Amino acid sequence: MKFMKTIAEINEKIKLGKAVIVTGEEVIDIVREKGVKRAAQEIDVVTTGTFGPMCSSGMYFNLGHTKPRMKLGGGRTTLNDVPAYTGLAAVDLFLGATAMPDDDPRNRNYPGEFNYGGGHVIEELVAGKDIRVESTAYGTDCYPRKKLSTYINIKDLNECVLFNIRNSYQNYNVAINASDKTIYTYMGVLKPRIGNANFCSAGQLSPLLKDPLYRTIGIGTKIFLGGGIGYVAWPGTQFNPGVPRTDKGVPRSGAGTLAVIGDLKQMNSRWLVGTSMLGYGTTMSIGIGIPIPILSEEVMINAAVPDAEMFATIIDYSDDYPNMKPVNYGEVSYAALKSGKITIKGKEVPTGSLSSYSRAQEIAGTLKEWIKAGKFELTQPVASLPGPDSGVKFRPLNERPIEA
Amino acid sequence: MAVSKRIVLHFPKRVTDRPLIYHLVKDYDLEFNILKASVNPDQEGLLVIELTGMREEYDRGIKFLIDAGVQIQSLSQDVTRNEERCTNCGNCLTLCPSHCFEVTDASRKVQFHTEKCVACGICIKACPPRAMEVHF
Chain U
1 MKFMKTIAEI NEKIKLGKAV IVTGEEVIDI VREKGVKRAA QEIDVVTTGT
51 FGPMCSSGMY FNLGHTKPRM KLGGGRTTLN DVPAYTGLAA VDLFLGATAM
101 PDDDPRNRNY PGEFNYGGGH VIEELVAGKD IRVESTAYGT DCYPRKKLST
151 YINIKDLNEC VLFNIRNSYQ NYNVAINASD KTIYTYMGVL KPRIGNANFC
201 SAGQLSPLLK DPLYRTIGIG TKIFLGGGIG YVAWPGTQFN PGVPRTDKGV
251 PRSGAGTLAV IGDLKQMNSR WLVGTSMLGY GTTMSIGIGI PIPILSEEVM
301 INAAVPDAEM FATIIDYSDD YPNMKPVNYG EVSYAALKSG KITIKGKEVP
351 TGSLSSYSRA QEIAGTLKEW IKAGKFELTQ PVASLPGPDS GVKFRPLNER
401 PIEA
Chain H
1001 MAVSKRIVLH FPKRVTDRPL IYHLVKDYDL EFNILKASVN PDQEGLLVIE
1051 LTGMREEYDR GIKFLIDAGV QIQSLSQDVT RNEERCTNCG NCLTLCPSHC
1101 FEVTDASRKV QFHTEKCVAC GICIKACPPR AMEVHF
């Protein structure tokens, strides 16, 4: 890859107010008109965005010590009745987005509604609402207290950090239901006999689809996270770069993912929304945006790929997905998905989505304004994400049953 | 011409002891299907019904109810969208049987056409951020 600019040079231009920044959507027509070479010379940064349900998300925080001291670690703590993970030090807690109250009926009354969970607690905490904490502990010589019942507010917490171990999936399945009855999935309500098809990606605005070979996004990259600033912490779980790709390197199914981290105190509940999937569970919809520095023509080519050249794989969620059958119903472009109708096995099928494209646009636009205003500089990754040839693979569980 | 509409009837206390629905059938030849009912003696009553019949008879039947003191609301107005909570994700697009939801431009903002709504309620629990609300 022949480099034309460095991140340091782009940052200099940002400081001088001379950087040219466009969104992942705007760049498509610019490259079409001017050609890759000229566009790569002129454009410094392409901003991306995505907003959708991302289940492997959560927050950790330090409550501050009670008087007398209490070791919440190893005990039991709930936040608005949603259980937090206490297997940490005395007053450090983790709350996952999919946690739900013990008395939530789940799917006993099928399909369960899942109106409130960890994602909703995080949304309310970030919005500045008081959260009810109920804790019990076993008591020790140095941490004698056994019960706590208090309200907390984000402004009084010590550290309060969003830490999501898998966000921003690089491409995703299109979900259908080939069975004869309605099913309730994390991809929404799927009508029988392929009655609808749901997708979940911002497509031409999606961060990892715009830097598909991880040339600029890496560990340490500064990002828009939940309305504030965050960082890429690590490759996300289930990172799977070796999937089939288009000739431009765009994965044709789920591939890379990101683990991201950021201070919750500077985030905004508009971008961290508690989410309920009927019959499935609770989660949180998260807004993420990543700037792509245009370091070379190769980076430019990828950042300009439109919906029409991005493809997702159609998967049946009634049988093939739950039973891990390695089959599919073909591929479809994001342009077709966004047209409202696709054709599967000769049948016209209406499409719905779980990822909000208008919010993705808003994120890419916000990030563009931040950079323009000199409020957000670009970062050089401290380490790369594993590429398609890294040998990194997402494997199923090798189950080894334990005989009784 | 036949019409079929879903309406909400609010019965003030003083009319809950009169057999009004019986008269809709007998005098105006209207068919009714009760979708939700909350009618107790000596209390205000509420009835959600689908009313079907010939246009002229339907209008006369509605006039009869109004004259009897019943307040009538079209059901479609009772499903609303909380614009603060809606994220415009598009999950509702394929679920609505009367095609109330539509994306028309490149920003994929979801339009909600309340006039098409039959208040079936499918969107209420299927909406991931719970932005759709029904008010009886």
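Sequences listed follow chains U and H, in order.
Counting along the first sequence from 1, when you hit position 385 you're at 385 in our numbering, and nothing is skipped either side.
Every position in the second sequence, counted from 1, becomes a number in our numbering once 1000 is added.
Here a beta-carbon is modelled for each residue, glycine too, at the ideal position from N, C-alpha and C.
Please read these numbers as outputs of a predicted model, since none were measured by experiment.
Does the distance from the CB of ILE292(U) to the CB of THR48(U) come in under 8 angstroms? Looking up residue 292(U) in the first sequence gives position 292. Looking up residue 48(U) in the first sequence gives position 48. Yes. Within cutoff.
Measure from the alpha carbon of TYR405(U) to the alpha carbon of each residue in LEU272(U), ALA99(U), GLY256(U), then state which is nearest. The question about residue 405(U) has no answer, for chain U in this structure spans 1 to 404.
Quick one: what does DSSP say ARG1060(H) is sitting in, helix, strand or coil? Stepping through the second sequence from its first residue, residue 1060(H) is reached at position 60. Note: ARG1060(H) maps to helix in three-state DSSP.
Please state whether the Cβ-Cβ distance between ASN1088(H) and SER339(U) is less than 8 angstroms. Your numbering for residue 1088(H) matches position 88 in the second sequence. Your numbering for residue 339(U) matches position 339 in the first sequence. Cβ distance not < 8 angstroms, so ASN1088(H) and SER339(U) don't count as in contact.
Extract the residue ranges of the beta strand (DSSP E) inside the region 245-318 of chain U, only unbroken runs of 3 or more that lie entirely within it. 258-263, 272-277, 281-289, 291-293, 311-316
Buried or exposed (CB count within 10 angstroms, at least 16 for buried), CYS142(U): To locate residue 142(U), count along the first sequence from 1; it is residue 142. Flag for CYS142(U) reads exposed.
Taking the C-alpha atoms as reference points, what is the distance between ASN302(U) and GLU33(U)? Position 302 of the first sequence, counted from the start, is the residue given in the question as residue 302(U). Position 33 of the first sequence, counted from the start, is the residue given in the question as residue 33(U). Roughly 16 angstroms separates the two Cα atoms.
Can you tell me where the alpha helix (DSSP H) holding GLY230(U) begins and where it ends? Your numbering for residue 230(U) matches position 230 in the first sequence. Here GLY230(U) belongs to no alpha helix (DSSP H); instead the beta strand (DSSP E) covers 228-235.
What span of residues does the alpha helix (DSSP H) with ASP29(U) cover, start to end? As a working mapping, residue 29(U) is identified with position 29 in the first sequence. From DSSP, the alpha helix (DSSP H) with ASP29(U) extends over 26-34.
Can you name, in chain order, every residue of its own chain whose Cβ lies under 6 angstroms from the Cβ of GLY249(U), other than the five neighbours on each side? Counting from 1 along the first sequence, the entry for residue 249(U) is found at position 249. If we look at GLY249(U) and ignore the five residues flanking it on each side, its Cβ neighbours are PRO212, LEU213.
Sorted by chain position, which residues of the same chain lie with C-beta nearer than 6 angstroms to ALA127(U)'s C-beta, five sequence neighbours on each side aside? Taking the first residue of the first sequence as position 1, residue 127(U) is located at position 127. SER269, listed in sequence order.
So, is PRO1140(H) buried or exposed, given that buried needs 16 or more other C-beta atoms within 10 angstroms? The requested residue 1140(H) does not occur in the structure, where chain H is confined to residues 1001 to 1136.
Drop a sphere of 10 angstroms on the beta-carbon of HIS1099(H), count the other beta-carbons inside from all chains shown, and report buried for 16 or more, exposed for fewer. Looking up residue 1099(H) in the second sequence gives position 99. HIS1099(H) comes out exposed.
Using the C-alpha atoms, what's the distance from TYR1022(H) back to GLU1056(H)? Here residue 1056(H) refers to the residue found at position 56 of the second sequence. Here residue 1022(H) refers to the residue found at position 22 of the second sequence. Distance between the alpha carbons of GLU1056(H) and TYR1022(H): 18 angstroms.
Going by other Cβ atoms of all chains shown within 10 Å of its Cβ, with 16 needed for buried, is SER355(U) buried or exposed? Position 355 of the first sequence, counted from the start, is the residue given in the question as residue 355(U). It counts as buried.
Closest to VAL1110(H) by C-alpha separation, out of ALA1119(H), ILE1122(H), GLU1050(H), ARG1081(H), would be which residue? Sequence index remark: in the second sequence, residue 1110(H) carries index 110 (1-based). The shortest Cα separation from VAL1110(H) among ALA1119(H), ILE1122(H), GLU1050(H), ARG1081(H) belongs to ARG1081(H).
Could you tell me whether any Cβ in chain U is nearer than 8 angstroms to the Cβ of LYS1026(H)? The sequence position of residue 1026(H) within the second sequence is 26, counting from 1. So no, LYS1026(H) is outside the interface.
Give me the Cα-Cα distance between SER285(U) and ILE342(U), rounded to the nearest whole angstrom. Residue 285(U) sits at position 285 when you count from the first residue of the first sequence. Residue 342(U) sits at position 342 when you count from the first residue of the first sequence. Cα-Cα distance, rounded: 26 angstroms.
Counting only beta-carbon atoms, is THR1080(H) nearer than 8 angstroms to chain U? The residue you call residue 1080(H) lines up with position 80 of the second sequence. Chain U, which has no Cβ nearer than 8 angstroms to the Cβ of THR1080(H), makes this no.
Considering only the beta carbon of each residue, do MET267(U) and LEU208(U) sit closer than 8 angstroms? By 1-based counting over the first sequence, the position of residue 267(U) is 267. By 1-based counting over the first sequence, the position of residue 208(U) is 208. No; because the gap between Cβ atoms is not below 8 angstroms, this pair is not in contact.
Helix, strand or coil at SER384(U) according to DSSP, with G and I counted as helix: The sequence position of residue 384(U) within the first sequence is 384, counting from 1. Coil.
Mind the definition here: the region 107-120 of chain U touches the region 135-150 of chain U only if three or more C-beta pairs lie below 8 angstroms; say whether that holds. no
Below 8 angstroms between beta carbons: does that hold for THR351(U) and SER206(U)? Here residue 351(U) refers to the residue found at position 351 of the first sequence. Here residue 206(U) refers to the residue found at position 206 of the first sequence. Not in contact: THR351(U) and SER206(U) (Cβ atoms no closer than 8 angstroms).
Roughly how many whole angstroms lie between the Cα atoms of GLY256(U) and LEU1009(H)? What you label residue 256(U) is simply residue 256 of the first sequence in a count that begins at 1. What you label residue 1009(H) is simply residue 9 of the second sequence in a count that begins at 1. So the alpha carbons of these two residues sit roughly 55 angstroms apart.
If you check the beta carbons only, do ILE14(U) and ILE371(U) fall under 8 angstroms apart? On the first sequence, residue 14(U) is found 14 positions in, with the first residue counted as 1. On the first sequence, residue 371(U) is found 371 positions in, with the first residue counted as 1. Against a cut-off of 8 angstroms, the Cβ pair of ILE371(U) and ILE14(U) comes out as a contact.
Once you ignore the five residues that flank LEU272(U) on each side, which residues in its own chain have a CB closer than 7 angstroms to its CB? Looking up residue 272(U) in the first sequence gives position 272. For LEU272(U), where only same-chain residues beyond five positions count, the Cβ hits under 7 angstroms are ILE122, GLU123, VAL126, GLY226, MET284, ILE286.
Return the chain-ordered ranges of every beta strand (DSSP E) run that is complete within the region 86-153 of chain U and spans a minimum of 3 residues. 92-96, 131-136, 147-152
Pull up the distance between the alpha-carbon of ALA8(U) and that of ALA39(U), whole angstroms please. Translated into the one-based positions of the first sequence, residue 8(U) becomes position 8. Translated into the one-based positions of the first sequence, residue 39(U) becomes position 39. A straight-line Cα-Cα distance of about 19 angstroms links ALA8(U) and ALA39(U).
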